[in-house]
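These protein sequence lines map, in sequence, to chains B and W. The first sequence: position 192 = 203 (the numbering used here), numbered continuously. The second sequence: position 201 = 419 (the numbering used here), numbered continuously. No residue lacks a Cβ here, since even glycine has one placed at the ideal position from N, Cα and C.
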Amino acid sequence: MISIQNLSFSYRKNKPLFEGLNLQLEAGQIYGLLGKNGAGKSSLLKQMAGLLFPQGGVCRVMGYEARYRQPDFLRNLFMVPEEFYLPQVHIKNYVKTYAPFYPDFDNKAFNNYLSEFQIPLDQRITDMSYGQKKKVLISFALATNTKALIMDEPTNGLDIPSKSQFRKVIAAAVSDEKCIVISTHQVRDLDNLINNIVIIEDHRIIFQQDVAAVTDKLCFKTVSNLEDVGDVLFASSSLRGHSVITENAGMEQSRIDMEMLFNAVLDQPEKISKIFN
Amino acid sequence: MQANNILSAGRFGAYLKKHLVDNYRFYLMSIVVVTGLLLLLLIFVGITDTHFSHYGDLVPFYLIGLYVSGLIFTSMSFNELGNKPHGIDYLLLPASHLEKFLTTLLITTIGFLLVYHLAFFLAAKVLDTIIGIRTGAHMENDLTRHFNSDEWKWSYIVWFIAQSVFFLGAIYFHKYSLIKTAFFFIVFVLALYLIHAVFAQIFFHKYMDDWRTHIPFVGVNIELEQQKHYTVMVSGNIYHNHVMLMLPEKVRDVLLFMVKYMVAPILWTVAYFRLRDKEI
């Protein structure tokens, strides 16, 4: 679905953002793109959408080279940027003017998503708060039924109930034909939603695994004493005790903690890489 | 590349409609403002200075309004690209670059000219009514005299060239486009003049009275040796022993043709490719 090969890109000379970056994303998956500030998450999403052009390598989405932004490509891709624009019109007019460009747009689904987010259909977009506008855009994005859906920090600006509503609508919208890529800092917002984790660091992808593979090979648990567990890959202390990641030698069942995993991958990249390779 | 990825009539229509729905408030306000300003200008000049007895008296104001409002409007063409969220929405909407480009070009040329003429017509009619009430006589229509003149044709040709310059500027500079384009255009013209001056000096130094006596792409004024007392006539210009060396007429005609019909399309084409290569 999305194929990035040997991508090189920099905003300034001698300061590469990506160098020889390779990434393959498949349909039927929800990818969580994680990385530190400035790692290039948003820039990578922009490469996928054709908003930035590779200086080396190629970025293809559904066989189209993204940089050409051909209409056939654009009608099968929707991007929800972190900072977004909505025209100053009623929701109905927004749909009337934008939906014709998306052949698979589902008006009924759009209304359902809005109702899930508790947004009245007759409201003017200008009268809405930032969070409400974001919900309209997310609802529209899902209703377009594009094969590729990329979202940059979609939960920023959403209140606590909206975050769970967001998880619910995304989970309902996923299908075998769709590839959803979500970039975020707030990994806890995406718990139980994403099924594939991509971590970007040092100009390249340093980790890409599906959640099942992670829980197969790593064990996430909370212990009172660090001495109780053997070889700890990563530990984080709190009032409840010590949250640790260990190698899952005994094939224990555990629930992934993405924040812990992210920190572990950045802290112990070689050890983690050795476990997964 | 499939043909419908470049231009599709249905999608172009949908994009034009979307553009108008998104911007109709701005366009309506612009019409009211342009009509109001034209009317105020005409009334102010009519009361304080000029006595308008013919519609032809309004032509200078018509041209000033055409250039000023047209170029300001054109320089706002790609404002959305100066704002990241708006630019993302613009570039990712599933219409081709050509469809987006043509929409903006049509609105800033044909669309603007239609609206401007309507606005000026309304302003002129209101002025005529006011004059009629005040003096009991209406303005005479002598516009045919102007319409048939070469100057009239040239004022439109130059407007299209200026429009294309500011259109290209709008796609390069997203903030203060009008000022930046005007600045770089002046720098470009000055640079052209100076380069021409250098070449004129290289080739005709000892024959030139002054380094400024040349016109880029047209000719150089030279002085022939004093002892040869003859009058020279080249291309109809007689300056005793000064000669205006001009390009051959055929070359001038080609240049004139290029200026008239090719400069604007070339600049629009450059603007299109700039839009196609736009990154945000």
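If you reduce the DSSP assignment to three classes, tell me which class B:T137 lands in. By one-based count along the first sequence, residue 137 of chain B stands at place 126. Residue state, collapsed to three classes: helix.
Check whether the Cβ of W:N223 lies closer than 8 Å to any Cβ atom in chain B. The count along the second sequence starts at 1 and reaches residue 223 of chain W at position 5. True, the Cβ-Cβ gap to chain B drops below 8 Å.
Who are the neighbours of W:E497 on chain B, taking C-beta pairs under 7 Å? Here residue 497 of chain W is taken as the residue at index 279 of the second sequence, counted from 1. Near W:E497 (Cβ distances below 7 Å), the residues of chain B are L62, L63, F64.
Taking the runs of the alpha helix (DSSP H) that are 4 residues or longer, which of them lie wholly in the region 100-133 of chain B? 102-109, 118-127
Give a yes or no on contact between the region 323-334 of chain W and the region 261-270 of chain W, applying the rule of three or more CB pairs nearer than 8 Å. no
Does the separation of the CB atoms of W:H392 and W:F491 fall below 8 Å? Along the second sequence, read from residue 1 onward, the residue named residue 392 of chain W stands at position 174. Along the second sequence, read from residue 1 onward, the residue named residue 491 of chain W stands at position 273. Cβ distance not < 8 Å, so W:H392 and W:F491 don't count as in contact.
Residues, ordered as in the chain, of the region 241-266 of chain W that lie near chain B by beta-carbon distance below 8 Å: R243
With 16 other Cβ atoms within 10 Å as the buried cut-off, status of W:Q445: Start at 1 with the first residue of the second sequence, and residue 445 of chain W comes out as number 227. Because the pLDDT at W:Q445 is just 48, under 50, the model does not fix this residue reliably, and the value given afterwards should be weighed accordingly. The residue is exposed, with fewer than 16 neighbouring Cβ atoms inside 10 Å.
Leaving out five residues on either side along the sequence, give the residues of the same chain with a beta carbon under 7 Å from the beta carbon of W:A193. Because chain W is modelled from 219 through 498, residue 193 of chain W falls outside the range shown and cannot be assessed.
Quick test of your reading: B:M269 and B:A159, contact by CB under 8 Å. State the CB separation rounded to the nearest angstrom. The sequence position of residue 269 of chain B within the first sequence is 258, counting from 1. The sequence position of residue 159 of chain B within the first sequence is 148, counting from 1. Not confirmed; about 22 Å, so no contact.
Proximal residues to B:I205 (C-beta, below 6 Å), its chain only, five neighbours per side dropped: Indexing the first sequence from 1 puts residue 205 of chain B at position 194. If we look at B:I205 and ignore the five residues flanking it on each side, its Cβ neighbours are I41, G43.
Does DSSP classify B:M269 as helix, strand or coil? In the first sequence, the residue the question calls residue 269 of chain B occupies position 258. Three-state result, B:M269: helix.
Contact check, B:T166 vs B:D200 under 8 Å by CB: the rounded distance? Here residue 166 of chain B refers to the residue found at position 155 when the first sequence is read from its first residue. Here residue 200 of chain B refers to the residue found at position 189 when the first sequence is read from its first residue. Contact holds; Cβ gap of about 4 Å.
If you check the beta carbons only, do W:L324 and W:V488 fall under 8 Å apart? On the second sequence, residue 324 of chain W is found 106 positions in, with the first residue counted as 1. On the second sequence, residue 488 of chain W is found 270 positions in, with the first residue counted as 1. No; because the gap between Cβ atoms is not below 8 Å, this pair is not in contact.
Can you give me the Cβ contacts of B:P280 inside the same chain, cut-off strictly under 6 Å, excluding the 5 residues immediately before and after it? Along the first sequence, one-based indexing puts residue 280 of chain B at 269. Answer for B:P280: I217, listed in chain order.
What's the gap between the Cα of W:D427 and the Cα of W:N439? By 1-based counting over the second sequence, the position of residue 427 of chain W is 209. By 1-based counting over the second sequence, the position of residue 439 of chain W is 221. Roughly 8 Å separates the two Cα atoms.
Any chance the region 172-186 of chain B sits against the region 19-26 of chain B, with 3 or more Cβ pairs inside 8 Å? no
Hey, is B:F112's beta-carbon within less than 8 Å of any beta-carbon in chain W? Along the first sequence, read from residue 1 onward, the residue named residue 112 of chain B stands at position 101. By this cut-off, B:F112 is an interface position.
Using only the alpha-carbon positions, how far apart do B:G31 and B:S19 sit? Position 20 of the first sequence, counted from the start, is the residue given in the question as residue 31 of chain B. Position 8 of the first sequence, counted from the start, is the residue given in the question as residue 19 of chain B. Roughly 6 Å between the two C-alpha positions.
Going by alpha carbons, who is nearest to W:I261 out of W:L485, W:L345, W:L474, W:Y425? To locate residue 261 of chain W, count along the second sequence from 1; it is residue 43. Taking only the C-alpha atoms, the option nearest W:I261 is W:L345.
Is it the case that the region 248-259 of chain W contacts the region 338-354 of chain W, given that we only count it when at least three CB pairs across the two stretches are under 8 Å? yes
So B:V6 and B:M162 are supposed to be a Cβ contact under 8 Å. How far apart are they, rounded? Because chain B is modelled from 12 through 288, residue 6 of chain B falls outside the range shown and cannot be assessed.
W:M247, DSSP secondary structure in three states: Position 29 of the second sequence, counted from the first residue, corresponds to residue 247 of chain W. Reduced to three states, the DSSP call for W:M247 is helix.
Using a 10 Å radius around the Cβ and a threshold of 16 neighbouring Cβ atoms, would you call W:Y374 buried or exposed? As a working note, residue 374 of chain W is residue 156 in the second sequence. Exposed: under 16 other Cβ atoms inside 10 Å.
Within the continuous beta strand (DSSP E) that includes W:H460, where are the two ends? The sequence position of residue 460 of chain W within the second sequence is 242, counting from 1. Its beta strand (DSSP E) spans residues 460-464.
Figure out for me which residue from W:D240, W:Y334, W:S314 has the closest Cα to the Cα of W:E298. In the second sequence, the residue the question calls residue 298 of chain W occupies position 80. Measuring from the Cα of W:E298, the nearest candidate turns out to be W:D240.
Unbroken alpha helix (DSSP H) run spanning W:F475, endpoints: If you number the second sequence from 1, residue 475 of chain W lands on position 257. Taken as a continuous stretch (DSSP letters only), the alpha helix (DSSP H) holding W:F475 covers 467-479.
Could you check whether the Cβ of B:M90 sits closer than 8 Å to any Cβ belonging to chain W? What you label residue 90 of chain B is simply residue 79 of the first sequence in a count that begins at 1. So, interface residue.
Quick one: which chain B residues come within Cβ less than 7 Å of W:H392? By 1-based counting over the second sequence, the position of residue 392 of chain W is 174. Those do not exist, as W:H392 stays about 14 Å from chain B at its closest Cβ, beyond 7 Å.
DSSP-derived helix/strand/coil call for W:I484: Here residue 484 of chain W corresponds to residue number 266 of the second sequence, with the count starting at 1. Helix at W:I484.
Is W:D360 helix, strand or coil by DSSP? The count along the second sequence starts at 1 and reaches residue 360 of chain W at position 142. Note: W:D360 maps to coil in three-state DSSP.
Using the Cα positions of W:G437 and W:L473, report the straight-line distance between them to the nearest angstrom. To locate residue 437 of chain W, count along the second sequence from 1; it is residue 219. To locate residue 473 of chain W, count along the second sequence from 1; it is residue 255. Approximately 13 Å, taken between the alpha carbons.
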